[in-house]
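Have a look at the structure below before the remarks.
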């Protein structure tokens, strides 16, 4: 992994559990992140986003008063947010297939599961910096390209619209 | 931006990369150690929360077992505490606590119905948590942890037959 100086970054952490908020803020400060704002709900997170510009959003999913899915969907729809393409990391302990799919389809960028480790969190931030994905807009989706795998040896039929 | 029928590709300007600076030869391990230390500083606080959560879960389970009218509210409250535990415990070296709590949460979430039998299965998870807390089991718990999770997996598997489909069962027990 590459070491990055991140003192110019401004992050938003959306997490309803107070202890978890403290843990994340302390970890991000130790990484050298410039500033970290926090919100305890999706609704409060959107309020902050309406008035501030963030370089990265880290959000939980299960929250009262505005879930993480609500937040991600609103960001990607550009509702009162400065940048609908802002990278979004979901940090959730709920890793059921349904929840992961819902988060992905709402437009999540990265989904490392809780419990979080220093290496996993830094690794995902690094990946966002080093391998940005283009965004895809369709009738029912706007978010990072959900196709991660690039197989240069694939020899099967090509059915993607941009394969033409 | 490129359009392909009703699909549009929007180029990512990668603004975040423009605001960071790579440090050639920089020591990532040293950085990660600092971050881990910052997280470890919260260990004592986590242990207090963990103990309180297990007590609270135990108390609500007793309510649920004693009064069927209280079951739904009690199970909801139990799930909140279990969800917090599964998301935090592993960070502080209590991986077995995460696994038990995760199995319990998924069992609650993925069961099509939740009655007396399901409550018994949940109670076994709660008993496991109490035992792990009482013995201050760290990490995955070694052979005892393996035996415990195998036991919970067997209970979920036995109960799940006919009620939980194969995919859901695998999702719960795979985490166990």
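Residue numbers (my numbering), protein chains in the order written: chain A, 1 to 164; chain B, 165 to 340.
The C-beta atom is built at its ideal place from N, Cα and C for all residues, glycine as well.
For clarity, every value in this text was computed on a predicted model and none was experimentally measured.
Grab me the residues of residue 183 (chain B)'s own chain with a C-beta within less than 7 Å of its C-beta, minus the 5 sequence neighbours each way, in chain order. none
Using a Cβ-Cβ cut-off of 8 Å, state whether residue 175 (chain B) counts as contacting chain A. yes
Taking any Cβ of chain B, which residues in the stretch 112-141 of chain A have a Cβ under 8 Å from it, in chain order? Listed in sequence order: 114, 115, 116, 117, 118, 119, 121, 122, 128, 129, 130, 132, 133, 134, 135, 136, 137, 138 and 139.
Do the stretch 49-67 of chain A and the stretch 76-92 of chain A meet, that is, are 3 or more Cβ pairs less than 8 Å apart? yes
Under three-state DSSP, which class holds residue 48 (chain A)? helix
Check whether the stretch 237-245 of chain B and the stretch 211-227 of chain B are in contact - that is, three or more C-beta pairs closer than 8 Å. The stretch 237-245 of chain B makes contact with the stretch 211-227 of chain B; the number of CB pairs closer than 8 Å reaches 3 or more.
Mind listing the chain A neighbours of residue 184 (chain B)? Cutoff is C-beta to C-beta under 8 Å, in chain order. 4, 5, 6, 8, 9 and 129
Reducing DSSP to helix, strand and coil, say where residue 293 (chain B) ends up. helix
To the nearest angstrom, how far is it from the Cα of residue 12 (chain A) to the Cα of residue 251 (chain B)? 19 Å
To which residues of the same chain is residue 70 (chain A) closer than 7 Å at the C-beta, ignoring the five residues directly before and after it? 42
With a Cβ-Cβ cutoff of 8 Å, do residue 171 (chain B) and residue 136 (chain A) count as a contact? yes
Using a Cβ-Cβ cut-off of 6 Å (strictly less than) and excluding sequence neighbours within five positions of residue 1 (chain A), which residues of its own chain qualify? 126
Please work out which residues of its chain come closer than 6 Å, Cβ to Cβ, to residue 340 (chain B), disregarding the five sequence neighbours upstream and downstream, and give them in chain order. Because residue 340 (chain B) sits at a pLDDT of 43, beneath the cut-off of 50, its placement in the model cannot be relied upon, and the point is left open.
Considering just the uninterrupted stretch of the beta strand (DSSP E) at residue 93 (chain A), what are its terminal residues? Note, residue 93 (chain A): premise wrong, no beta strand (DSSP E); not H, not E.
Could you check the C-alpha separation between residue 45 (chain A) and residue 61 (chain A) for me, to the nearest Å? 12 Å
Where do the ends of the beta strand (DSSP E) carrying residue 143 (chain A) lie? That run of the beta strand (DSSP E) goes 141-144.
DSSP beta-bridge partners of residue 167 (chain B): BP columns for residue 167 (chain B) point to B:172.
Contact with chain B by residue 62 (chain A), beta-carbon distance below 8 Å: yes
The alpha helix (DSSP H) that contains residue 193 (chain B), what's its start and end? Secondary structure note for residue 193 (chain B): its alpha helix (DSSP H) is the uninterrupted segment 192-204.
With a floor of 4 residues, list each alpha helix (DSSP H) that falls wholly inside the stretch 27-81 of chain A, ordered by position along the chain. 42-51 and 68-76
In three-state terms, what does DSSP make of residue 3 (chain A)? coil
Taking all protein chains shown into account, do 16 or more other C-beta atoms lie within 10 angstroms of the C-beta of residue 144 (chain A), making it buried, or fewer, making it exposed? buried
Is residue 14 (chain A) helix, strand or coil by DSSP? strand
Can you tell me which of the three DSSP states residue 339 (chain B) falls into? Reliability fails at residue 339 (chain B), whose pLDDT of 47 lies under 50, so the model's placement of it is uncertain and the value that follows must be treated cautiously. DSSP places residue 339 (chain B) in helix when its eight states are reduced to three.
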